[in-house]
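The structure appears below as structure tokens.
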Amino acid sequence: MQLDFKARELTIKLVYYGPALSGKTTNLQAIHRLVSAEVAGRLMTLETQDDRTLFFDLLPLSLNAGKGLQVRVKLFTVPGQVIHNATRRLVLQGADGVAFIADSQRTETKSNAASFVNLRQNLTDQGIEPASMPLVIQFNKRDLPDIRTDDEIDALASRGKEPVFKAVALRGVGVLETLMGLMEITWNRLEDEHRLSEKFGLTPGPLLAELERHLGVAEAIQRVSR
Amino acid sequence: MSEPQIDLTLADITRLEEIVDRGALGEVCRSFFDLFSLPIRVFSHDGTLLADVHETREICRYVNTLPKGRAACSGLVSEVKGIDPQDGVVVHPCFTGAVYRIVPIDYQGRRLGRFVIGPYLPAEVREVPRSLLVIDERLEAEKARAALTEMPRVREETAERLSDHLTHILDLIIFSGHRAFLTSQMHVASVRESYKVLSDKNAELQTAFDRLKELDRLKSNFLATVSHELRTPLTSIIGYSDMLATGIAGDLNEEQAEFVETIRGKGDHLLALISSLLDLGKLEQGNLPLRRELIGPRDLLEEVAKTMTPAAEKKGVQMKVQVEGALPPIAADPVRIKQVLFNLCENAVKFSPRGGDVTLGVRSVELESDGDGDGMGFVLMAAPKTALEISVSDQGPGIPSGEQQKIFDAFYQVDGSSTREHGGTGLGLSIVKRLVEAHGGQVWVDSVVGEGTTFSFTIPEGDE
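Top line first, the protein sequences correspond to chains A and B.
So for the first sequence, numbering that gives the first Met the number 0 puts the first residue at 0; every next one is plus one.
So for the second sequence, numbering that gives the first Met the number 0 puts the first residue at 0; every next one is plus one.
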């Protein structure tokens, strides 16, 4: 997080993590498509090879949170391929929250786990206690055959600590829910740590509602589900 | 490794001029001006002028000829410069009736600068405004009116569309610049990160390597010390058994003589093993000095063959020497070369069947050189260099091809049982290899199972 009191500007960094081809970039593309152009800037894709991310994707969101506070949210993806760990570590620096995009296909269960281990390791290497990082998990590609069932995921999710979302990022389903879920826990964490409500006279509930309104979440979700 | 100098955490731009090339920005403004005849200026957030394309209008020129007019004009210009369009586009009037349009340049939710279009005359202004007429008592209304007609007229909605258009173009330029900037920074940062990972790995490997080298040195030292310590008491054992065998301490009966002979034989074997270990230790440490002198190859082989003959005859094996043509003497350490030859000959005799031959051969060969291995400059690098190739052939059981490399390793024997059957320490060939290499030569083996084995080695001529 970066706080500029003079400019009354707050910047939050959210990172989309996960194994190769799980749909991190697709999530950002869907958000870019679903959110109004006043809120979402251009989606920047940095270096790709055969449609695979080499460095990162960046989608900037910016909204006026009221009381003269400008909130900028920067969404980053990491490259998922195992060999790009150096880049992943760089992108992970300074993250305020992480959305872990898992591939629902049964065959990908192991690579999901391996990528998560890698996330924990990279956080630890940067001196961050993994458990302290706001984290949501998205099971993407719910429309594919041979996936882990809803019951399986629900059963596991009820035993885990993190909020779990299900998505079909290609069609935009579940994408904004994931983002809002991450924003909520990230904001709560920042509130605990930095007392933002005292500094800016903002309360998390209304702020998130405002954010949701700005992002046009309700309308977008309706559009997607139709 | 120091911290990266570039903060990629938020991938933010703080200053417009970091991202946008001023020359290119000037060109865009120039083409905008050429198309619409509207003056344009671009400022960074802190007010630095980054691009400026305008022509002084007739009315401005006229107003500036009047003292009060000039003062009012420069006051207005600096006022316009200072306007920060906090909440969006500002249209600021000039006393001439013209306006300035001040448009913010925002990028990713952050203010990076502004551009100013104007002065231009709003299309709806028909009359010379009073504000212009009263600016200076010397102003002539007719002249002012004439000058004002030449000012570009723009309808407000057109001005809005033009400034939107320019906003989009600038946004695209900033976006492209930002992306290129981030890409290059990421390249640098990734390389740095990878370098760091590799350096760490290298350091680990170096530590492991140093540790192994130290262990190897300790092993060699240990070997040398132990060999030396073992040899001392062993010499006494052999000496006293010798004395017993010769009957100094009284006659021995047949059985006693046989036992003493066994003790002496095994003692000799043990001594040979320990001496070999000592040699090997010295060779490994690289402190076995060579005393090179010129040796005639024919004499060398004949002497070795002669020395070996009694042992060979005992096994019914014949020693032969084959020398091809006249050969130049070689510079080698005679003691060590003989050690090599005795070792090979002992092996050959040991493995030869009764009635077989052991042949010692020597010939002059040209060493092949392929330059630096890549064929580059071959014609220059392949200068012929001669060497003596000495070989020892037997008609023994042969060595399977899979074993031929391993036999030069210390303590290796093709068949573990052969040590017991044929004796030997398992160190001979590894010592041979090291001695030959100490002379700058190579040793190799050619063998066909069931037909025999030839060990060959080269001793290259000196460089002088």
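Cβ coordinates follow ideal geometry from the N, Cα and C atoms, glycine included.
Residue i - containing beta strand (DSSP E), residue span
i	result
THR76 of chain A	69 to 76
ARG32 of chain A	Careful: ARG32 of chain A lies outside any beta strand (DSSP E), inside the alpha helix (DSSP H) at 23 to 33.
HIS91 of chain B	89 to 92
THR185 of chain A	Element bounds for THR185 of chain A: not the beta strand (DSSP E) but the alpha helix (DSSP H), 174 to 193.
LEU120 of chain B	109 to 121
GLU323 of chain B	From DSSP, GLU323 of chain B is part of no beta strand (DSSP E); its letter is neither H nor E.
SER351 of chain B	Segment: none, SER351 of chain B is in no beta strand (DSSP E) and carries neither H nor E.
Contact list for residue i against chain B, beta-carbon separation under 7 angstroms
i	result
LEU206 of chain A	The premise fails here: LEU206 of chain A is roughly 16 angstroms from chain B at the closest Cβ pair, so nothing lies under 7 angstroms.
ARG88 of chain A	GLU192
THR10 of chain A	LEU9
GLN1 of chain A	LEU9
Any chain E beta carbon closer than 8 angstroms to residue i
i	result
ALA10 of chain B	Going by chain labels, chain E is absent from the structure shown, which instead holds the protein chains A and B.
Partners in chain B for residue i, counting only beta-carbon separations shorter than 8 angstroms
i	result
GLU46 of chain A	THR182, MET185
GLY67 of chain A	By Cβ distance, chain B contributes nothing, its closest Cβ being about 10 angstroms from GLY67 of chain A, past 8 angstroms.
GLN92 of chain A	LEU7, THR8
Interface residues of chain A facing residue i [CB-CB closer than 8 angstroms]
i	result
ALA202 of chain B	Ordered by position in chain A, no residue passes the 8 angstroms Cβ test against ALA202 of chain B, which lies about 17 angstroms from the chain.
SER390 of chain B	Within chain A, no residue comes near SER390 of chain B; the closest Cβ sits about 52 angstroms away, beyond 8 angstroms.
Amino acids of chain B, ordered along the chain, whose beta-carbon sits closer than 9 angstroms to that of residue i
i	result
GLN80 of chain A	Simply none; closest approach about 13 angstroms.
PHE54 of chain A	LEU181, THR182, MET185, HIS186, SER189
Reference residue i; option with closest CA among the options
i	options	result
ASP393 of chain B	B:HIS438, B:GLN404, B:LEU343, B:SER400	B:LEU343
ILE184 of chain A	A:GLN120, A:ALA217, A:VAL97, A:SER110	A:VAL97
GLU218 of chain A	A:GLY171, A:THR202, A:THR86, A:GLU197	A:GLY171
LYS109 of chain A	A:GLU209, A:SER21, A:SER131	A:SER21
ALA94 of chain A	A:GLU209, A:LEU195, A:LEU181	A:LEU181
GLN85 of chain B	B:ASP105, B:LYS281, B:PHE94	B:ASP105
ASP142 of chain A	A:ALA166, A:LEU9, A:ALA112	A:ALA166
GLY176 of chain B	B:ASP45, B:ASP356, B:PRO459, B:ARG14	B:ARG14
ASN237 of chain A	A:GLU211, A:PRO78, A:LEU206	This structure leaves residue 237 of chain A out entirely; chain A is present only between 0 and 225.
ILE262 of chain B	B:ARG297, B:GLY238, B:GLU123, B:THR166	B:GLY238
GLU192 of chain A	A:SER103, A:SER131, A:ARG222, A:PRO59	A:SER131
GLN69 of chain A	A:GLY173, A:VAL81, A:PHE199, A:ARG212	A:PHE199
VAL320 of chain B	B:VAL133, B:LEU359, B:ILE430, B:LYS432	B:LEU359
ARG69 of chain B	B:THR308, B:PHE42, B:ILE134, B:VAL127	B:ILE134
SER193 of chain B	A:ALA154, A:ASP149, A:ASN84	A:ASN84
LYS281 of chain B	B:ASN201, B:CYS59, B:GLU402, B:PHE221	B:PHE221
TYR16 of chain A	A:ARG71, A:ARG222, A:LEU2, A:SER114	A:SER114
GLY108 of chain B	A:VAL81, A:ALA64, A:ASN111	A:ALA64
The alpha helix (DSSP H) enclosing residue i, as first and last residue numbers
i	result
LEU155 of chain A	149 to 158
ILE329 of chain B	Segment 329 to 331 is the beta strand (DSSP E) holding ILE329 of chain B; no alpha helix (DSSP H) there.
VAL431 of chain B	427 to 437
LEU122 of chain A	108 to 124
LEU91 of chain A	84 to 91
LEU57 of chain A	Careful: LEU57 of chain A lies outside any alpha helix (DSSP H), inside the beta strand (DSSP E) at 51 to 63.
Beta-carbon neighbours of residue i, restricted to chain A and to distances below 9 angstroms
i	result
VAL196 of chain B	ASN84, ALA85
PHE174 of chain B	GLY40, ARG41, MET43
ARG335 of chain B	Neighbours of ARG335 of chain B on chain A: none; closest Cβ ~52 angstroms, over 9 angstroms.
ARG160 of chain B	The contacting residues do not exist; ARG160 of chain B stays about 17 angstroms from chain A at best.
CB of residue i within 8 angstroms of CB of residue j, strictly
i	j	result
PRO333 of chain B	ILE389 of chain B	no
LEU120 of chain B	ARG152 of chain B	yes
ARG335 of chain B	LEU434 of chain B	yes
GLN205 of chain B	LEU7 of chain B	no
GLU161 of chain A	VAL135 of chain A	yes
LEU189 of chain A	VAL216 of chain A	no
LEU131 of chain B	THR95 of chain B	yes
PRO399 of chain B	VAL448 of chain B	yes
GLY315 of chain B	GLY397 of chain B	no
THR177 of chain A	GLN137 of chain A	yes
GLU460 of chain B	THR385 of chain B	yes
VAL90 of chain B	THR166 of chain B	no
ARG87 of chain A	ASP124 of chain A	no
VAL34 of chain A	LEU60 of chain A	yes
HIS31 of chain A	LEU57 of chain A	no
ILE273 of chain B	LEU233 of chain B	yes
Amino acids of chain A, ordered along the chain, whose beta-carbon sits closer than 7 angstroms to that of residue i
i	result
LEU108 of chain B	Checking the sequence, you will find Gly at residue 108 of chain B rather than Leu. Within 7 angstroms Cβ-Cβ: PRO59, SER61, GLN69, ARG71.
ARG178 of chain B	MET43, LEU45
Residue i Cβ short of 7 angstroms to the ligand COA heavy atom set
i	result
LYS142 of chain B	Absence of the ligand COA from the depicted structure is noted, as is the absence of any ligand whatsoever, leaving it without description.
Residue ranges of each alpha helix (DSSP H) run of no fewer than 4 residues wholly in the stretch 135 to 187 of chain B, ordered along the chain? 140 to 148
What runs of the alpha helix (DSSP H), each 4 residues or longer, lie entirely inside the stretch 223 to 302 of chain B? 253 to 284
Unbroken stretches of the alpha helix (DSSP H), 4 residues or longer, contained in the stretch 8 to 53 of chain B: 15 to 18, 21 to 35
May I have a chain-ordered list of the beta strand (DSSP E) segments no shorter than 3 residues that lie completely inside the stretch 52 to 86 of chain B? none
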